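Trainee: First the structure, then my questions, so here it is.
Next comes the structure, spelled out in C-alpha cells:
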C-alpha cells in the first residue's frame, strides 16, 4: 500500500491520464437484447454481524482513499 501511495502520480486515475489507449477499451458496456428494458434490483440486507464487518472494511478503504463518498448518492 505504501508503494502505491508513494507512486500514485504514475497511476492513471481518469481516462485523460491514460495516454495512447482508446477510451472504448476502458469503457464498460452491458449489452442488452432488443426491446429489453434495464431493471434495478433492491439492495439485499445484511445480517447484523456481517454488517459490522462490512462497515469496518469500508471505513478502512475510505481512510486509505481507495474509495470515496459520492455526495449525491441515496
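In this note's numbering, the protein residues as written are 1370 to 1443. Beta carbons are placed, not taken as given, at the ideal position from N, Cα and C, and that holds for glycine. For clarity, every value in this text was computed on a predicted model and none was experimentally measured.
(1) Let me make sure I understand the geometry here. Which of 1410, 1433 and 1393 has the alpha-carbon closest to that of residue 1372?
(2) Quick check: what's the CA-CA separation for residue 1404 versus residue 1375?
(3) Where residue 1438 and residue 1402 are concerned, what is the direct C-alpha to C-alpha distance, given to the nearest angstrom?
(4) Going by DSSP, what residue range makes up the alpha helix (DSSP H) through residue 1425?
(5) By the DSSP assignment, the alpha helix (DSSP H) with residue 1403 in it spans what residues?
Mentor: To lay it out plainly:
(1) Here residue 1372 refers to the residue found at position 3 of the chain shown. For residue 1372, the closest of 1410, 1433 and 1393 by C-alpha to C-alpha distance is 1433.
(2) As a position in the chain shown, residue 1404 is number 35, starting the count at 1. As a position in the chain shown, residue 1375 is number 6, starting the count at 1. Those two C-alpha atoms are separated by around 49 Å.
(3) Taking the chain shown and counting its residues from 1, the one referred to as residue 1438 is at position 69. Taking the chain shown and counting its residues from 1, the one referred to as residue 1402 is at position 33. Straight-line Cα distance between these residues: approximately 33 Å.
(4) To locate residue 1425, count along the chain shown from 1; it is residue 56. Note, residue 1425: alpha helix (DSSP H), 1417 to 1432.
(5) Your numbering for residue 1403 matches position 34 in the chain shown. It is not in any alpha helix (DSSP H) - residue 1403 carries neither H nor E in the DSSP assignment.
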